[in-house]
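Inspection log for the structure reproduced underneath, given as structure tokens.
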Amino acid sequence: MIDVREQLQEIRTLNNPSNSSNIQELNIGGFVEFDNSTFKIIGVSKYLEVKWNNFKKKKSEYWVTELQLLNLLSGDKSFIEWEFDDELEISKTLSQVKLKDITYEKSQLTRRHLDDIAEEEHGTVQYKGVSYHYSEDDTWAALYYPTTGAEPLQVRLYEFGSDNDQYLTIELWEDEDSKPEREAFISMELKKRKLSILQLAPSGDVKK
0 MIDVREQLQE IRTLNNPSNS SNIQELNIGG FVEFDNSTFK IIGVSKYLEV
50 KWNNFKKKKS EYWVTELQLL NLLSGDKSFI EWEFDDELEI SKTLSQVKLK
100 DITYEKSQLT RRHLDDIAEE EHGTVQYKGV SYHYSEDDTW AALYYPTTGA
150 EPLQVRLYEF GSDNDQYLTI ELWEDEDSKP EREAFISMEL KKRKLSILQL
200 APSGDVKK
């Protein structure tokens with residue numbers, strides 16, 4: 000959360016309206032609007048899909064871009080992600096989740112449980128009374144780049160889906176000491192038509 004003075008400061012940086020609808024051009028300092036809220040982009044991270052067993056890069060690169068957002072009204076932080084898999088796909092984070100709050104077969108979920116689920120290629124976990132079913136096709140490993148040029152971190156992302164079209168992603172990091180704060184999160188699809196790009200980046204950073 001940020002205070003009112005900081006919120007006003009952030010709002011004043013919205014000074015270079017954009018006619019672009021290309022999410023690929025968004026950068027830190029840009030602004031977007033969806034769900035009747037305006038957000039400033041305060042961070043850009045990237046995931047590069049790699050081989051599950053050894054984190055080696057694949058011949059063809061597949062990237063997922065994560066934008067960290069600041070809600071200008073509430074001061075809350077959230078995320079959207081975008082990727083191209085035949086077509087543009089965008090998802091928005093609904094809430095962050097603690098691993099200790101997820102259960103599997105009426106027990107607190109553990110790393111061993113996730114290993115067993117991945118090996119069996121099926122399994123169901125629960126969070127706040129909702130069941131999420133394991134998706135083998137969507138589960139993947141990645142090198143995570145928190146900023147451009149940063150040393151990547153190794154992570155496995157276990158993907159689960161619910162019957163109400165929401166998704167639970169659980170991130171297991173190889174280096175626990177360097178991992179981001181986020182352990183797991185609930186997300187859902189964000190239709191491209193519902194996302195408006197207000198500003199790509201601060202005026203001094205926009206490429207002519």
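When we follow numbering that gives the first Met the number 0, the leftmost residue of the sequence shown carries the number 0, and every step to the right adds one.
Every residue, glycine too, gets a C-beta built ideally from N, C-alpha and C.
| Asked | Found |
| --- | --- |
| Please go through the region 79-138 and give each complete beta strand (DSSP E) segment of 3 or more residues, from N-terminal end onward. | 86-96, 123-126 and 129-133 |
| By the 10 Å Cβ neighbour count, where 16 or more other Cβ atoms means buried, how is Ser186 classified, buried or exposed? | buried |
| Rounded to the nearest angstrom, how far is the Cβ of Leu68 from that of Ile41, given a contact under 8 Å? | 7 Å |
| Go ahead and label Phe38 buried or exposed: buried means 16 or more other beta carbons lie within 10 angstroms of its beta carbon, across all protein chains shown. | buried |
| With distance defined between alpha-carbon atoms, name the residue in Leu199, Glu32, His132 and Glu104 nearest to Glu158. | His132 |
| Would you tell me roughly how many angstroms separate the C-alpha atoms of Lys50 and Leu71, rounded to the nearest one? | 38 Å |
| Please work out which residues of its chain come closer than 6 Å, Cβ to Cβ, to Pro145, disregarding the five sequence neighbours upstream and downstream, and give them in chain order. | Ser44 |
| Taking the straight line between their C-alpha atoms, what separation do you get for Gln125 and Pro179? | 23 Å |
| Within 10 angstroms of the Cβ of Lys91, are there 16 or more other Cβ atoms? Answer buried if so, exposed if not. | buried |
| Trp62 lies in the beta strand (DSSP E); which residues open and close that run? | Trp62 to Asn70 |
| When DSSP labels each residue in this structure, what does Tyr181 get in the three-state scheme? | The sequence given here places Arg at residue 181; Tyr does not occur at that position. Reduced to three states, the DSSP call for Arg181 is coil. |
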